[in-house]
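Participant: Below are the structure tokens for one structure; questions will follow.
2 protein chains.
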Amino acid sequence: MTKNYASEISSPLSSNHEDYLKAIYLLETRGQKVTNSALSEYIGFTPASATNMVKKLAQMDLVVYERYQGVTLTDTGRRVALEVLRHHRLLELFLHKTLDIPWDRVHDEAERLEHVISESLEDAIAASLGYPKVDPHGDPIPSKSGEINHTPSLPLSRAETGRTYTLVQVLSHDNERLAYLGTLGLHPDVEIHLQERAPFDGPVLLVVAGVAHALAFEMAGLLQVAPLPAD
Amino acid sequence: MTKNYASEISSPLSSNHEDYLKAIYLLETRGQKVTNSALSEYIGFTPASATNMVKKLAQMDLVVYERYQGVTLTDTGRRVALEVLRHHRLLELFLHKTLDIPWDRVHDEAERLEHVISESLEDAIAASLGYPKVDPHGDPIPSKSGEINHTPSLPLSRAETGRTYTLVQVLSHDNERLAYLGTLGLHPDVEIHLQERAPFDGPVLLVVAGVAHALAFEMAGLLQVAPLPAD
DNA sequence: CCTACAATTTAGCCATGACTAAAAATTACG
DNA sequence: CGTAATTTTTAGTCATGGCTAAATTGTAGG
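So the sequences go chain by chain: S and D. Just so we're aligned: the first sequence equals residues 1 to 231 in my numbering. Just so we're aligned: the second sequence equals residues 1001 to 1231 in my numbering.
Encoded structure:
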């Protein structure tokens, strides 16, 4: 299990180290400052444990940490986080496409597998999938060198009525929600016609594959869409 | 990662627990009594560590352990060992067939993956492979209910000269040895004609796919063969 | 600007499971 | 059958990384 980032790092990283780094990355992406309590809530440990771990990550130069001020990834830390995220998303797609595992069940499995696959297995998986760019939820898969490109998109809840969009990304890892959305045919790449929006952030009326559905406002906020090219 | 054996077991098992149980199973299969030092050597820890762990496994009713007398699997312990072994061998075959990973590189990968795949992923893998009976080395894959059938076979080093055999199993996990055997075309299911044997456990002359090779006695001892049905 | 409240960190505890060194039991041989 | 050599276990240490409770720091409102 020689890792790509192995050369840059003093001591080997546990699954937990990797989970923390991944969490910090994802929280940083959300924009706000990453406090230890936000981090602890995200990973499901107590704030004290997060402080503890963050200190260790700082010693390894994976994060910059100043007491009471929150935490930031270093370049090396970001490399690690992106590698884990690459593993995760490649695995999700692989499980979905190669083993027909429904998109609402790939996350938990990938969550464990991501920490134990070797670089060469990662490569083999990427090759067998044709070097894909997004996972089954439309989340971008970082490249081997750590680049990640976010396709421009907007939440369906803010889109214009009367227009047709392509669904590019579903911002949820909640199994039940995903299963529900799946029953409506709402997967990335599907076309959605936005028929009507109730006022005051009310539900949304949309048409997918000729069938009309009502969707709660907050649910529509999870659906990132892009206008059709010729629209 | 709800395990099949979960219902029978008090506390969850770590990867290490599973590795110990698997090792005990494999050593038991070899026939001799499983001492803690044999066990410790097999798994690569000190004898003291093995004693330590064996005590814990005994508390969990996974093994029967009597001081200075070695260790034996209970029925539950054997169930766990066979489940891990099933994971391992299914994964080896899956990596080999689905991702074209050479047979001399599947072992180490499977060694880590076996501890983290869910029962449902195990099922999906087994189904996608058509419920196979053996892994790429010819080792039998235990069934979901814990049955395992050893095809009758004999080591090539004890076979009769002048006859043709089917290679059914290669008893080695050493990467280099496997790679070497692979270059000779020696994979399970291949036909081997045993041409000649040097006396006093000397090398063996055999023909594989029309090509003659000399093989050291000990290497031939790793090749389990069965006589051709009509021979 | 000072106090009260919330967020954060520290201190100290626990379980896990490796290790070494010393003690105890077993085995083997004269 | 008793003693020496070997095997095995025990005792005690360490690192990891979670936890709770207490102390500290930051922040917001009067």
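Using N, Cα and C, we set each Cβ at its ideal position, and we do this for glycine too. Every value quoted in this text rests on a predicted model; they were computed, and no experiment measured them.
1. Tell me which same chain residues have a C-beta within less than 7 Å of the C-beta of valine 1106(D), skipping the five on either side of it?
2. With a CB to CB cut of under 7 Å and the five nearest residues on each side skipped, what residues in its chain are close to alanine 1216(D)?
3. Can you list, in chain order, the residues of its chain whose CB lies under 7 Å from that of proline 1227(D), leaving out five sequence neighbours each side?
4. With distances taken Cα to Cα, identify the nearest neighbour of arginine 1078(D) among Glu1018(D), Leu1206(D) and Gln1069(D).
5. Quick one: does alanine 1124(D) have its CB under 9 Å from some CB of chain S?
6. From the DSSP output, which residues share a beta bridge with alanine 1023(D)?
7. With a threshold of 7 Å on Cβ separation, who are the neighbours of aspartate 231(S) within its own chain once the five nearest residues in sequence on each side are excluded?
8. Nearest-angstrom Cα distance between tyrosine 1065(D) and serine 1040(D)?
9. How would you label leucine 1223(D), buried or exposed, when you count the other beta carbons within 10 angstroms and need 16 or more for buried?
10. Out of curiosity, what's the CA-to-CA distance linking valine 1225(D) and leucine 1156(D)?
11. Who are the neighbours of isoleucine 1101(D) on chain S, taking C-beta pairs under 7 Å?
12. Go ahead and label tyrosine 1025(D) buried or exposed: buried means 16 or more other beta carbons lie within 10 angstroms of its beta carbon, across all protein chains shown.
13. Thinking isoleucine 1148(D) and leucine 1167(D) are a contact (beta carbons under 8 Å), I'd like their distance in whole angstroms, please.
14. Could you compute how far the alpha carbon of aspartate 1201(D) sits from the alpha carbon of glutamine 1195(D)?
15. Nearest CA to the CA of histidine 134(S): which residue from Leu73(S), His150(S) and Ser15(S)?
16. Quick check on threonine 74(S): does DSSP put it in helix, strand or coil?
17. Quick check on serine 120(S) - is its C-beta less than 9 Å from some C-beta in chain D?
18. Please compile the residues from chain D whose C-beta is within a distance smaller than 9 Å of the C-beta of serine 14(S).
19. For leucine 184(S), which of helix, strand or coil comes out of DSSP?
20. Kindly say whether serine 11(S), judged by its beta-carbon, lies nearer than 9 Å to any beta-carbon of chain D.
21. Answer with yes or no whether the minimum CB distance from isoleucine 1141(D) to chain S is below 9 Å.
22. Output, in chain order, the set of chain D residues within a Cβ distance shorter than 8 Å of leucine 113(S).
23. Would you say threonine 98(S) lies against chain D (beta-carbon separation less than 9 Å)?
24. In angstroms, rounded to a whole number, what distance separates the CA positions of proline 1152(D) and alanine 1058(D)?
25. Please list, in chain order, all residues of the same chain as glutamine 1169(D) whose beta carbon is under 7 Å from its beta carbon, the five residues on each side excluded.
26. Could you tell me the alpha carbon to alpha carbon distance between alanine 126(S) and leucine 1090(D), rounded to whole angstroms?
27. Using 8 Å as the cut-off, can you tell me whether the region 48-62 of chain S makes contact with the region 113-126 of chain S, which would need three or more C-beta pairs spanning the two stretches below that distance?
28. Among Gly1210(D), Thr1098(D) and Gln1032(D), which one has its Cα closest to the Cα of glycine 1130(D)?
29. List, in order along the chain, the chain S residues whose C-beta lies closer than 7 Å to that of valine 1109(D)?
30. Hey, is arginine 177(S)'s beta-carbon within less than 9 Å of any beta-carbon in chain D?
31. In the DSSP assignment, find the unbroken alpha helix (DSSP H) run with glutamate 196(S) in it and report its ends.
32. Between the Cα of threonine 1183(D) and the Cα atoms of Val1208(D), Glu1109(D), Tyr1020(D) and Ala1124(D), which residue gives the shortest distance?
33. Considering Cα atoms alone, identify which of Val71(S), Ser15(S) and Asn16(S) is closest to valine 34(S).
34. Can you give the Cα-Cα distance for asparagine 175(S) and arginine 1030(D), rounded to whole angstroms?
35. Taking threonine 1051(D) and leucine 1062(D) to be in contact with their CB atoms under 8 Å, please state how far apart those CB atoms are, rounded to whole angstroms.
Facilitator: By the coordinates alone:
1. Non-local C-beta neighbours of valine 1106(D) in its own chain, meaning closer than 7 Å and more than five positions away in sequence, comprise Glu1092, Leu1095, His1096 and Pro1136, ordered along the chain.
2. Scanning its chain for C-beta atoms nearer than 7 Å, with the 5 sequence neighbours on each side dropped, one finds around alanine 1216(D) the residues Pro1203, in chain order.
3. Spatial neighbours of proline 1227(D) in its own chain (CB-CB distance under 7 Å, excluding positions within 5 residues in sequence) are listed in chain order as Arg1163 and Tyr1165.
4. For arginine 1078(D), the closest alpha carbon among the candidates Glu1018(D), Leu1206(D) and Gln1069(D) is that of Glu1018(D).
5. So, interface residue.
6. DSSP lists no partner for alanine 1023(D).
7. Only weak support is given to the placement of aspartate 231(S): the predicted model assigns it a pLDDT of 49, under 50, and the value that follows is read from those uncertain coordinates. Cβ within range, chain order: Arg163 and Thr164.
8. One alpha carbon belongs to tyrosine 1065(D), the other to serine 1040(D), and they sit about 15 Å apart.
9. Label assigned to leucine 1223(D): buried.
10. Inter-residue distance for valine 1225(D) and leucine 1156(D) is about 6 Å (C-alpha atoms, whole angstroms).
11. For isoleucine 1101(D), the C-beta contacts it makes with chain S under 7 Å involve Ala124, in order along the chain.
12. With 16 or more other Cβ atoms inside 10 Å of its own Cβ, tyrosine 1025(D) counts as buried.
13. 20 Å between Cβ atoms; not a contact.
14. Using only the alpha carbons, I get a separation of about 15 Å.
15. Here residue 134(S) turns out to be valine, not histidine, going by the sequence shown. Of the listed residues, the one whose Cα sits closest to valine 134(S) is His150(S).
16. If DSSP states are grouped into helix, strand and coil, threonine 74(S) belongs with coil.
17. Chain D contact via Cβ: present.
18. Simply none; closest approach about 12 Å.
19. Taken through DSSP and simplified to helix, strand or coil, leucine 184(S) comes out as coil.
20. Answer no: the Cβ-Cβ gap between serine 11(S) and chain D never drops below 9 Å.
21. Output row for isoleucine 1141(D): interface = no.
22. Contact annotation for leucine 113(S) against chain D: Leu1113, Val1116 and Ile1117 [CB-CB distance below 8 Å, chain order].
23. Cβ-Cβ to chain D under 9 Å: yes for threonine 98(S).
24. In a straight line, the C-alpha of proline 1152(D) is about 33 Å away from that of alanine 1058(D).
25. For glutamine 1169(D), where only same-chain residues beyond five positions count, the Cβ hits under 7 Å are His1137, Gly1138, Asp1139, Ser1153, Pro1188 and Gln1224.
26. Our two residues, alanine 126(S) and leucine 1090(D), have alpha carbons roughly 21 Å apart in a direct line.
27. With contact defined as three or more Cβ pairs closer than 8 Å, the region 48-62 of chain S and the region 113-126 of chain S are not in contact.
28. Taking the Cα of glycine 1130(D) as reference, the smallest distance to any Cα among Gly1210(D), Thr1098(D) and Gln1032(D) is reached at Thr1098(D).
29. In the sequence as presented, valine is not what sits at residue 1109(D); that position holds glutamate. By Cβ distance, chain S contributes Ser118 and Leu121.
30. Judged by the 9 Å Cβ criterion, arginine 177(S) is not in contact with chain D.
31. In the DSSP annotation of this structure, glutamate 196(S) is not part of any alpha helix (DSSP H); the continuous beta strand (DSSP E) holding it starts and ends at 191-197.
32. Of the candidates Val1208(D), Glu1109(D), Tyr1020(D) and Ala1124(D), the one whose C-alpha sits nearest the C-alpha of threonine 1183(D) is Val1208(D).
33. Nearest Cα to valine 34(S) within the set Val71(S), Ser15(S) and Asn16(S): Val71(S).
34. Straight through space, the alpha carbons of arginine 1030(D) and asparagine 175(S) are spaced by roughly 45 Å.
35. The beta carbons of threonine 1051(D) and leucine 1062(D) sit about 15 Å from each other, so the pair does not count as a contact at 8 Å.
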